[in-house]
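Written below as structure tokens is the structure these notes are about.
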Amino acid sequence: MVTNKSFIDAQDFRAMVEIGEKRLSDHAEYVNSLNVFPVPDGDTGTNMSLSFKSGAQRVANSKAQTVGELATDLAKGLLMGARGNSGVILSQLFRGFSKAVEGKETIDGTELAHAFSKGVETAYNAVMKPVEGTILTVSRESAKRGVRKLNKSTDIIEVMGSVLRGSQKSLAITPELLPVLKEVGVVDSGGQGLVYIYEGFYEALTGEAVPTSTLADSFADLSSLAHYDNQIDLEHVSTGNIEFGYCTEIMVAIGQGETVTDEFDYETFRNYLNELGDSLLVVADDEIIKVHVHTEYPGHVLDYGQKFGSLMKIKVDNMRMQHEEVLKNDYTAKVAAAASPTKREKYGIVAVCAGQGIHELFKSLGVTTIINGGQTMNPSTEDILAAIKETNADHVIVLPNNKNIFMAANQAAEVCEDAQVAVVASATISEGLTALLAFNADATIEENQEAMSEEMGLVTSGQITNAVRDTAIDGVDIKKDDFMGIVSGKIVVSKPDLQETVLDTISKMATDETEIITIIFGEDVKEDQAQTLVDLVEEKYPDIDIELHDGKQPVYAYLLSAE
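Here it is as structure tokens:
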């Protein structure tokens, strides 16, 4: 495995594109299953895969010998083959990337990070009404993390690793930003597709396969019985609620053909089409215009496009029919499942945690079964065995997330006869969440246990809770009802003021290497209080990303992590 690298050359870039394309293509159907926004037509994975394949083929056929030229080839191929909302946005991410590296034979870590940022800027400019919780958010947050890494290292491997981790982190919280994702129980499909591409990039640079960032079978999707079990019948995305029924795409050769009557002006063109529907994307260079829009009148879009040039490509899909097909398949799957035994899965993951918000965080990262418990609520060996059986899997990983649960978890693993069980000894919620980033559905359970244990070693955990009596521990004087700050199991702070306690605790966790601090607030903390705290932390640590989640956990006012 390559662990450090000073620059990317043409050969490296070709490999990145090739493996990124394969990674996305291999998981296109899974990305399709996540597709609920902006319309649940089940084609995001297909569109992204075909779009990126068009760019990859152009790179493969190119004789270019510089990164700048190959990036231009990738961007041009993507633009020509861009399909769907996600495909067009993807084309713009790499169009901006290509502009940033234009004329460069090789690129270093600084240039790579800024190229991703330029891609984000270009993509946002192309979208009429950007929505958070989508591929745009994932691309932005991952690029920010790459740029922030430059404060500590310009090594290509480290920068690309930071971009990848940033994309994975951002993807995991998309349900918190886009309500329809949270309601259905999925992450954003376009964001997931981008993560797969970045995983391929990282694999190409290091020579080592990246663990798949999601456990596909664990997510609820549009073909999952979990929707019915949870009384979620997709009414919020029913066919009748689709306002603009035709996904319309055209490509116009500017100034060509007999129908030209107007000179192309980007703002005028985009503003006119914006009145015809939603989900509008218009991108253009000196030769072509690419349009994606959801509308009731696709003919109007075609007619308008012809005023500026000849129509090179036309694609019109009836999204109402597509959605009816999704619903029909969903019903068929339900009937088939009811008539036959439930399929046994290869992997299941069990996590012990308390608080609805924390439950959702673990599920968003692939956990299949939650045991409600933790500090003061330690589950028994029997409870853990029942959860292992509930996964209906051949191989099960258990995350105890508390030292007091280690013994029961290990005992359950020893006596379980239904599955092969491995315990990843996560002592805190933060360690458990971090460990999940290293899970690989294609690896053996022993390999996963080792990789996940190693990954959770990268995080420093902190907890804030109340003291129940006066005492002195580890040289810290503690008064009853004070707030205690605990770092890696050791009490380091005790104060009567909650906010001061959190800030002091974080100061003992953050180092020069820290890239991200995660704050999870509990059931007794109000959201505005937590946001005020975040503002103070951001002011004190301007070079560190701060993430805030509503965990709704008992016992701990705040759970903290520094990575």
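Read in UniProt numbering, the sequence shown has 24 at position 24, and its numbers run on one by one without any break.
Think of the CB as a built atom: it goes at the ideal place given N, C-alpha and C, for glycine as much as any other residue.
Between residue i and residue j, is the Cβ-Cβ spacing less than 9 Å?
i	j	result
L205	S167	no
V459	S430	yes
A75	F94	yes
G299	E21	no
D442	Q420	no
K495	D482	yes
G366	C353	no
S86	N47	yes
Q256	G309	yes
D512	K152	yes
residue 600	I107	Nothing can be reported for residue 600, as the shown portion of the chain is limited to 1 through 563.
Y196	V31	yes
A451	F439	yes
T134	D188	yes
G485	T501	yes
Y246	V316	yes
K182	E141	no
I19	E203	yes
S453	V487	no
P175	E360	yes
F139	R148	Note that residue 139 corresponds to Ser in the displayed sequence, not to Phe. Not in contact: S139 and R148 (Cβ atoms no closer than 9 Å).
So residue i packs on residue j, CB below 8 Å; how close in whole Å?
i	j	result
I445	A409	Between A409 and I445 the Cβ distance is about 15 Å, and since that is not below 8 Å, they are no contact.
F101	E111	One point to set straight first is that residue 101 is Val, not Phe, in the sequence displayed. So it is a contact: roughly 6 Å between Cβ atoms.
G84	T44	7 Å
F362	L437	So it is not a contact: roughly 12 Å between Cβ atoms.
F97	A64	The Cβ separation is near 15 Å, so there is no contact.
A172	S364	5 Å
E527	D497	Not confirmed; about 19 Å, so no contact.
A435	M407	Actually they do not touch by this definition, with Cβ atoms about 19 Å apart.
V88	L276	Going by Cβ atoms, the distance from V88 to L276 rounds to 16 Å, so no, they are not a contact pair.
I391	V350	A small correction: the amino acid at residue 391 is Thr; Ile does not occupy that position in the sequence shown. Right, the Cβ-Cβ distance comes to about 7 Å (below 8 Å), so this counts as a contact.
T248	V301	5 Å
K307	D262	5 Å
T137	L164	The pair is not a contact, with the Cβ atoms about 16 Å apart (cut-off 8 Å).
G109	T154	4 Å
K552	G522	7 Å
I371	I520	Contact flag wrong, Cβ pair sits at about 18 Å.
Going by alpha carbons, who is nearest to residue i out of the options?
i	options	result
L273	E360, Q256, Y297, G257	Y297
G348	E455, D545, A387	A387
K508	I520, Q499, V493, N372	V493
E105	M16, I135, N151, I8	I8
Q499	E360, D470, Q529	Q529
L536	L70, N151, D504, T137	D504
D543	G146, G277, S453	G146
T381	I546, E414, M321, L533	E414
V534	Q553, E547, A351	E547
F13	E69, A435, G191	E69
S91	M319, A123, K99	A123
I506	A472, I478, Y558	Y558
D303	F269, T3, R320, D278	F269
V396	E360, N372, R344, H359	R344
L79	S117, Q411, Y556, D285	D285
T115	G103, E132, A143	According to the sequence provided, residue 115 is Ala. The question's Thr does not apply to it. If we check each option's Cα against that of A115, A143 comes out closest.
P179	E132, S139, G191, N448	E132
L560	D524, Y541, T369, A510	A510
G103	A10, K346, T369, V525	A10
residue 564	M321, I370, M377	Because the chain is modelled from 1 through 563, residue 564 falls outside the range shown and cannot be assessed.
S6	L150, E29, S279, Q531	L150
F244	V260, M319, I314, E258	M319
residue 565	D278, L311, M312, K389	In the structure as shown, the chain starts at 1 and stops at 563, and residue 565 therefore has no counterpart that could be examined.
- [ ] Decide yes or no for the touch test of the region 287-295 against the region 248-258: beta carbon pairs closer than 8 Å, at least 3 of them.
- [x] yes
Open item on the list: For the pair the region 151-165 and the region 121-136, tell me if three or more CB-CB distances fall below 8 Å.
Closed with: no
Open item on the list: Check whether the region 460-478 and the region 395-408 touch, using three or more Cβ-Cβ pairs below 8 Å as the test.
Closed with: no
Open item on the list: Does the structure place the region 502-516 close enough to the region 414-431 that three or more beta carbon pairs sit under 8 Å?
Closed with: no
TODO: Take every Cβ of the region 43-61, pair it with every Cβ of the region 16-30, and state whether three or more of those distances are shorter than 8 Å.
DONE: yes
TODO: For the region 12-95, list the alpha helix (DSSP H) runs that are entirely contained and at least 4 residues long, ordered along the chain.
DONE: 28-33, 44-61, 67-81
TODO: May I have a chain-ordered list of the alpha helix (DSSP H) segments no shorter than 4 residues that lie completely inside the region 426-465?
DONE: 429-436, 445-456
- [ ] Pick out the complete beta strand (DSSP E) segments inside the region 358-414, 3 residues or longer, and give them in chain order.
- [x] 369-372, 393-399
TODO: Write down every uninterrupted run of the beta strand (DSSP E) in the region 523-563 whose length is 3 residues or greater and which is fully enclosed by it, in chain order.
DONE: 545-550, 556-562
TODO: Could I get the ranges of all uninterrupted alpha helix (DSSP H) runs contained in the region 115-203, with 4 residues as the minimum, in chain order?
DONE: 135-149, 156-172, 174-177, 179-184
TODO: Note down, one range per segment and in chain order, each beta strand (DSSP E) of at least 3 residues found wholly within the region 248-293.
DONE: 277-284
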